[in-house]
Each structure stands twice: as C-alpha cells, then as structure tokens.
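Chains as they are written, first to last, in UniProt numbering: chain A, 1 to 127; chain B, 1 to 127.
C-beta atoms are modelled at their ideal positions from N, C-alpha and C, and glycine is treated no differently.
Reviewing the structure listed below.
2 protein chains.
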Amino acid sequence: MSRTDSVATPDLEFGPDGLLTVVAQDAETREVLMVAHASADAIERTRETGLGHYYSRSRDELWQKGQSSGHVQRIEEVRVDCDGDAVLYLVDQAGGACHTGFESCFYRTLDGEVVGERVFDPDAVYE
Amino acid sequence: MSRTDSVATPDLEFGPDGLLTVVAQDAETREVLMVAHASADAIERTRETGLGHYYSRSRDELWQKGQSSGHVQRIEEVRVDCDGDAVLYLVDQAGGACHTGFESCFYRTLDGEVVGERVFDPDAVYE
Chain A
1 MSRTDSVATP DLEFGPDGLL TVVAQDAETR EVLMVAHASA DAIERTRETG LGHYYSRSRD
61 ELWQKGQSSG HVQRIEEVRV DCDGDAVLYL VDQAGGACHT GFESCFYRTL DGEVVGERVF
121 DPDAVYE
Chain B
1 MSRTDSVATP DLEFGPDGLL TVVAQDAETR EVLMVAHASA DAIERTRETG LGHYYSRSRD
61 ELWQKGQSSG HVQRIEEVRV DCDGDAVLYL VDQAGGACHT GFESCFYRTL DGEVVGERVF
121 DPDAVYE
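Below you can see the structure in the form of structure tokens.
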C-alpha cells in the first residue's frame with residue numbers, strides 16, 4: 001500500500017510527504033527512546049497489532065520496530081499532540097531501542113558525553 | 001541570521017531545510033512536553049542562554065519558548081540521538097508547555113481521551 005491510501009485517523013495531520021513525527025517513550029522507565037516517522041498505514045498497523053510500527057524515509061517502506069532484532073515495542077498508549085502532527089508511543093520496549101545497543105537513541109549529550117545505558121551487543125543481534 | 005550561517009555544532013545532522021527535530025521532556029516529571037524544530041542558530045542560542053530555543057517553520061523565525069507567555073524552559077541537558085538528526089531538551093518547564101494550557105502538548109490519546117493535566121488558563125496568558 002502507498003503512504004496515503006488507508007482510512008484517515010481522526011485528529012492526525014500528516015505532512016506533504018504523508019508522514020508525521022513519532023516519539024517513543026518507555027512507559028515504565030520514562031526514557032525517551034527514539035524519534036522516527038509514521039504514515040497513516042503505520043499508525044493503523046500500530047493500533048491493530050499493539051506493536052510499534054513506523055515508516056522509513058530512507059528505505060521508503062513501512063516497518064515494525066524489532067522485526068529483525070526482536071526488540072519489539074508493545075504499545076501501552078498512543079497520544080497525539082495539540083496540532084496533530086506528532087504522536088507519542090508509550091511502550092514496553094524489549095531489549096533496547098537503539099541499533100547501537102543502547103536503551104535509548106539519545107545516549108549522548110551535545111558535548112559527546114555518553115549518558116545512556118548499553119543493554120545489548122549489536123554484533124550479537126544484527127547480522 | 002539565516003538558518004545556516006552559524007558555526008556547525010558537532011554531531012548534528014540538519015535536514016535539507018536546515019532543521020532537526022527537537023523533543024522537550026520535563027527533567028523532573030519525565031513528561032514528554034512537545035515536539036518542534038531547531039536550526040543551528042536555535043541550538044547555539046539554547047547552549048548560550050540555557051533556555052530552550054526553536055525554529056518556527058510557519059513563522060520562519062527563531063523563537064525562544066516562553067518569550068510571550070513567560071513559560072520558559074530552563075535547560076538541564078541536551079542529548080543527541082544516534083544519527084544526529086534529533087535532539088532531546090531535558091528542561092525545567094515554567095507553567096505549561098502547551099499553548100492550550102496543558103502541561104504537555106500530548107494531552108490526548110489517539111481515541112481523543114484527555115489524559116493530560118491543564119496547568120494554566122490560556123486566555124489569561126495569551127492576549
């Protein structure tokens with residue numbers, strides 16, 4: 001399916017590229033895990049399956065977080081921001097969210113200090 | 001200044017529009033407050049002043065959060081994501097982050113249920 005041919009979800013304002021911004025937050029630790037994008041189809045798949053889905057701009061395809069790594073995101077709640085162009089996935093994150101092995105993609109400060117926790121070895125997870 | 005004529009900040013990957021995505025999170029309550037964008041200048045102003053700055057795509061200008069409302073964001077830490085195209089402002093948020101009067105812009109679920117806390121009366125804050 002293309003980015004736009006699913007039923008419109010109420011209150012959501014997709015951009016000219018058919019995408020909106022998604023922030024994923026761990027519902028328990030409250031860590032902000034990652035920022036990515038979603039198409040209407042990705043939002044629908046997330047609702048239907050209870051697993052975090054996104055749209056990859058670089059690969060130009062819908063993807064389920066954890067499909068290859070097993071590090072799925074079980075959705076506890078999806079929230080929408082005031083102007084409807086960003087959503088918040090509150091998730092139970094299996095493993096770690098970041099492909100580098102950290103719990104969160106935001107594992108460094110602006111000055112380069114590593115403040116995040118490494119929770120898995122990426123060489124053991126990704127071929 | 002234009003979006004691009006300041007000194008490049010290490011590790012940051014600005015998009016073709018000269019912007020990256022910013023997530024603001026309350027450092028104490030851990031609520032995700034808002035999603036917006038920043039230019040290199042906005043990041044520099046944030047570093048220099050210790051107050052959250054952004055770039056408004058609709059008004060095409062740099063802005064300081066709270067400049068009119070007084071609801072400034074005192075920066076505790078700025079984090080960068082793995083690929084450098086999103087940053088996380090960890091802030092001490094005065095008042096509320098959302099122009100609607102809620103603490104967070106993410107005050108509703110995808111089904112429209114209001115789950116956020118209203119912390120100020122927007123009619124009393126904005127003219």
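ask   = By a C-beta neighbour count over all protein chains shown, 10 Å radius and 16 as the cutoff for buried, is Asp-5(B) buried or exposed?
value = For Asp-5(B), the predicted structure reports a pLDDT of 41, less than 50, and the residue's modelled location is therefore unreliable. A value from the coordinates is still provided. Asp-5(B) is exposed by the Cβ-count criterion.
query = First and last residue of the beta strand (DSSP E) that includes Thr-21(A)?
reply = 19-26
inquiry  = Can you tell me whether Arg-47(A) is helix, strand or coil according to DSSP?
reply    = helix
task = With a cut-off of 8 Å on the beta carbons, I'd call Val-78(B) and Leu-88(A) a contact; round off their distance for me.
result = Not quite, the Cβ-Cβ distance comes to about 20 Å (not below 8 Å), so this is no contact.
ask   = When you compare only the Cα positions, how much space is there between Val-7(B) and Lys-65(B)?
value = Because the pLDDT of Val-7(B) is 41, which lies under 50, any placement of that residue in the model is unreliable, and the number read from its coordinates should be weighed accordingly. Cα to Cα, the separation comes out at about 22 Å.
ask   = Under 8 Å Cβ-Cβ, which residues of chain B neighbour His-71(A)?
value = By Cβ distance, chain B contributes nothing, its closest Cβ being about 14 Å from His-71(A), past 8 Å.
task = State the Cα-Cα distance for the pair Val-35(A) and Tyr-54(B), rounded to the nearest angstrom.
result = 17 Å
Among Arg-57(B), Glu-76(B), Phe-102(B), nearest to Gly-15(A) - alpha-carbon criterion = Arg-57(B)
request  = Locate the beta strand (DSSP E) running through residue 142(B), then write down its first and last residues.
outcome  = The shown model of chain B, from 1 to 127, leaves out residue 142(B), and the question about it has no answer.
task = For Val-22(A), count neighbouring Cβ atoms within 10 angstroms of its own Cβ and tell me buried if that reaches 16, exposed if not.
result = Answer is buried; the Cβ neighbour count reaches 16.
ask   = In three-state DSSP terms, what is Ser-2(B)?
value = Since pLDDT at Ser-2(B) reaches only 45, below the 50 mark, its modelled position is unreliable, and no value is offered.
task = Identify the continuous beta strand (DSSP E) that holds Val-114(B) and give its terminal residues.
result = No beta strand (DSSP E) contains Val-114(B), which DSSP labels as neither H nor E.
query = Applying a beta-carbon distance threshold of less than 7 Å, which residues of chain A neighbour Val-32(B)?
reply = Val-23, Gln-25, Val-32, Leu-88
key: Contact belief for Glu-117(B) with Phe-102(B) at Cβ below 8 Å, rounded distance in angstroms   = 7 Å
message = Please confirm whether Ala-40(B) has its beta-carbon closer than 9 Å to some beta-carbon of chain A.
response = no
request  = Classify Val-78(B) as helix, strand or coil using the three-state DSSP reduction.
outcome  = Here Val-78(B) sits in strand by DSSP.
query = Would Phe-14(A) count as contacting chain B if we go by Cβ distances under 9 Å?
reply = Not an interface residue.
query = Buried or exposed: where does Glu-31(A) fall if 16 or more other Cβ atoms within 10 Å of its Cβ makes it buried?
reply = Of the residues assessed, Glu-31(A) falls on the buried side of the cut-off, its CB having 16 or more other CB atoms within 10 angstroms.
ask   = Whose C-beta lies closer than 8 Å to the C-beta of Glu-13(B) among residues of the same chain, with five residues either side of it excluded?
value = Leu-20, Asp-83, Gly-84, Asp-85
query = Do Gly-95(A) and His-71(A) have their CB atoms nearer than 9 Å?
reply = His-71(A) is positioned such that its CB atom lies closer than 9 Å to that of Gly-95(A).
Straight-line Cα distance separating Tyr-126(B) from Ala-24(A) = Going by C-alpha positions, Ala-24(A) is about 31 Å away from Tyr-126(B).
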